[in-house]
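Residue numbers (my numbering), protein chains in the order written: chain A, 1 to 453; chain B, 454 to 717. Okay, structure first, notes after.
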């Protein structure tokens with residue numbers, strides 16, 4: 001199966017659509033399921049009298065479904081892809097209707113999607129009829145309009161929260177947050193929706209929750225304001241703001257960008273649960289440029305996260321960054337250069353330099369939740385809280401960071417090179433870089449949720 | 454004298470609890486922060502409040518400064534033993550994920566080699582054997598002087614109060630129940646072992662219900678039988694009903710052979 005679950009997530013119009021599809025990705029709900037070298041097909045029992053006929057051309061990334069959804073790809077097409085990725089769609093000979101459609105589609109679009117991801121979100125029509133011209137400008141304008149509408153709504157909501165105060169009992173109701181998040185999802189501002197949902201879980205969960213929520217409301221205000229001014233912002237900043245609001249960029253567009261070729265050191269890994277998807281961030285650092293990059297991997301329930309990037313290893317490759325020179329990137333062509341002896345570690349900073357690097361990153365993008373740095377410091381205790389300290393200063397570790405015991409055992413209280421993620425709660429240790437090995441101690445996905453992660 | 458950004462932040466938090474309908478947002482300290490707030494597009498209290506909060510958050514985060522250096526911890530007593538090599542360390546993680554029956558042997562061999570477990574394995578061992586007195590005692594002994602030091606600083610790794618006794622480490626390699634048909638072959642060489650196991654699988658003497666005792670046998674068989682056993686079982690023609698069992702035992706034999714080589 002040349003697709004990964006991340007690619008299926010990437011083509012979903014919204015995270016909610018993917019969640020709906022995931023629930024449908026159960027073979028027992030389907031009949032006449034099958035797959036061949038070009039297509040997937042099946043009939044899904046839905047709320048209608050007749051099952052929906054769904055087919056997907058997985059080579060050209062096209063889909064067709066008899067359901068009434070105007071959202072493309074619909075949840076049935078996504079569900080077919082999810083089952084296929086999970087190996088639940090049996091190989092079969094395509095029925096005539098599927099074959100005709102797939103061949104017709106292939107005639108219209110003979111170039112297969114580039115390996116590494118589905119590249120189109122086009123709406124597929126009948127092969128016998130001429131395809132209507134796709135008005136990309138109009139589609140884009142509509143998306144921008146929806147996004148702007150979502151940002152206006154977010155600003156109004158923030159205004160209400162600040163007027164009525166954080167002691168307002170409405171904040172304790174999940175619906176207060178969830179309804180806004182749902183509206184942001186509809187406005188294609190998925191990244192903002194995720195931030196709002198995360199915040200809902202903070203209310204009442206810790207003694208200083210008012211402070212945490214207020215700070216995040218400030219960041220949301222900043223993003224909403226910046227998002228509405230995207231056309232007036234300088235190019236790279238506009239790109240970063242747009243993607244931080246949830247503007248989706250197709251993998252094809254990212255892979256078509258100028259590559260950054262380097263020897264990439266896999267410096268750290270960190271897993272977090274975002275709603276119903278487990279997200280793996282793998283932090284890379286260019287051995288020559290010293291620039292950081294982040295590769296994301298996603299897994300829904302019982303699916304696997306990407307394990308191809310191993311902490312402590314390095315690989316020579318083209319990396320393609322998402323617009324705005326942000327950290328997020330896709331790994332492109334790998335080069336067969338001689339690999340350095342293992343383990344490979346990024347250069348470590350002093351604590352004061354690491355703080356300066358974090359500050360610089362946050363000054364450029366104040367909405368960042370995480371900033372990677374590698375420091376040479378020793379773990380020690382200050383007033384009952386673990387910190388990483390050297391002669392230049394100390395930086396607090398996040399109280400819930402899972403790898404402190406291993407960091408302590410590896411360092412024996414002495415200075416050691418550690419890659420951490422700065423977060424608002426403190427630094428989260430990800431990797432201890434020792435002379436003969438790299439210890440991957442970052443937060444790990446729950447094995448009851450993902451498989452073989 | 455103008456207030457600091459931190460003092461201003463605390464005032465913002467207080468105001469945020471009440472809401473700007475009931476209390477006006479505090480005036481920001483003079484300087485860049487005040488300029489930013491003055492530029493707020495809508496001069497309503499809530500808009501000024503949100504702008505103040507955003508500006509204050511950015512200033513505090515982007516101006517991250519380290520705390521003063523902290524005194525280092527007193528290190529544990531020195532332990533001159535070498536650390537288990539990386540490949541053997543990775544093997545422990547794989548063993549506890551797939552063939553836990555081999556864990557005791559891994560610990561015993563590491564002890565015999567005079568090695569000490571690496572940090573990640575030691576912490577995982579202490580966590581894993583919090584409720585198993587005998588194994589925990591073995592882990593504590595194997596961990597050396599770092600263990601009491603680590604337990605002092607990481608109370609979560611300590612055994613539950615009811616189990617905080619020295620614990621009897623027991624036999625280094627606890628005996629395992631083995632299929633009676635094979636018990637006599639524990640000290641035998643490769644040829645009779647392979648022959649007996651394949652014959653048993655083919656004639657129905659062994660079926661999937663015997664899996665635990667067959668696993669125990671492979672976990673205790675002589676080292677020189679393992680590679681031939683893994684090869685023979687992986688390619689053996691056996692009835693479908695026991696094909697999975699044969700593959701499983703082949704995997705165990707291969708894993709144990711690799712483990713013994715790494716710890717040799």
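The C-beta atom is built at its ideal place from N, Cα and C for all residues, glycine as well. Because the structure is a prediction, the values reported are computed rather than measured.
- The criterion of a C-beta distance shorter than 9 Å is not satisfied by residue 267 of chain A and residue 80 of chain A.
- A direct Cα-Cα distance of roughly 30 Å separates residue 448 of chain A from residue 188 of chain A.
- In terms of beta-carbon proximity, residue 274 of chain A stays away from the interface with chain B, with every pair separated by 9 Å or more.
- Straight-line measurement puts the Cα of residue 556 of chain B at about 10 Å from the Cα of residue 546 of chain B.
- Every unbroken stretch of the beta strand (DSSP E) spanning 3 or more residues and falling wholly within the segment 349–418 of chain A is given here in chain order: 371–382, 385–390 and 393–396.
- Each of A:150, A:26 and A:434 was checked against the Cα of residue 311 of chain A, and the nearest Cα belongs to A:434.
- Taking every protein chain shown into account, the CB of residue 536 of chain B has 16 or more other CB atoms within 10 angstroms, so this residue is buried.
- Taking a beta-carbon distance threshold of 9 Å, residue 520 of chain B counts as an interface residue toward chain A.
- Per DSSP, the unbroken alpha helix (DSSP H) holding residue 545 of chain B starts and ends at 539–551.
- Inter-residue distance for residue 342 of chain A and residue 309 of chain A is about 14 Å (C-alpha atoms, whole angstroms).
- For residue 316 of chain A, same chain residues with a beta-carbon under 6 Å away, outside a window of 5 residues either side, are 263, 335 and 337 in chain order.
- Residue-level contact check: residue 195 of chain A does not touch chain B, since none of the beta carbons of chain B fall below 9 Å from its beta carbon.
- No Cβ of chain B is located within less than 9 Å of the beta carbon of residue 237 of chain A.
- Neighbourhood of residue 352 of chain A in chain B, by CB distance below 7 Å: 519, in chain order.
- Neighbours of residue 472 of chain B across chain A, judged by C-beta separation under 9 Å: 161, 162, 163, 164, 165, 166, 167 and 168.
- In this structure, the straight-line span from the alpha carbon of residue 202 of chain A to that of residue 331 of chain A is close to 34 Å.
- Chain order gives the chain B residues near residue 413 of chain A as 525, 526, 527, 528, 529, 602 and 606, where near means a beta carbon separation below 9 Å.
- The same chain holds no residue with a CB closer than 6 Å to that of residue 247 of chain A once the five nearest residues on each side in sequence are set aside.
- Annotation: Cβ neighbours of residue 406 of chain A in chain B (cutoff 7 Å, chain order): 572, 573 and 576.
- Contact annotation, residue 405 of chain A with residue 576 of chain B: C-beta distance approximately 5 Å; criterion of less than 8 Å satisfied.
- One alpha carbon belongs to residue 667 of chain B, the other to residue 630 of chain B, and they sit about 9 Å apart.
- For residue 670 of chain B, the secondary structure class from DSSP, reduced to helix, strand or coil, is helix.
- A contact is defined here as three or more CB-CB pairs under 8 Å, and the segment 145–156 of chain A meets this definition with respect to the segment 219–237 of chain A.
- Boundaries for residue 319 of chain A: no alpha helix (DSSP H) harbours it, while the beta strand (DSSP E) harbouring it runs 314–321, taken from the DSSP string.
- When C-beta atoms of the segment 435–444 of chain A are compared with those of the segment 366–373 of chain A, fewer than three pairs fall below 8 Å, so the two segments do not count as touching.
- Secondary structure note for residue 296 of chain A: its beta strand (DSSP E) is the uninterrupted segment 292–299.
- For the segment 273–303 of chain A, the set of positions with a beta-carbon nearer than 8 Å to some beta-carbon of chain B is empty.
- A buried status is given to residue 218 of chain A, since no fewer than 16 other beta-carbon atoms sit within 10 Å of its beta-carbon.
- Residue 469 of chain B sits away from residue 204 of chain A, with the two beta carbons spaced by 9 Å or more.
- 9 Å or more divides the Cβ of residue 17 of chain A from the Cβ of residue 472 of chain B.
- Interface with chain B (9 Å Cβ-Cβ cutoff): residue 154 of chain A is excluded.
- Annotation: the continuous beta strand (DSSP E) that includes residue 269 of chain A extends over 260–274.
- Using a 10 angstroms sphere on the CB of residue 717 of chain B, the tally of other CB atoms stays under 16, which defines it as exposed.
- Contact between the segment 62–78 of chain A and the segment 8–24 of chain A is established, with three or more Cβ pairs separated by less than 8 Å.
- When the beta-carbon positions are compared, residue 597 of chain B and residue 579 of chain B stay at least 9 Å from each other.
- For residue 40 of chain A, the three-state secondary structure derived from DSSP is strand.
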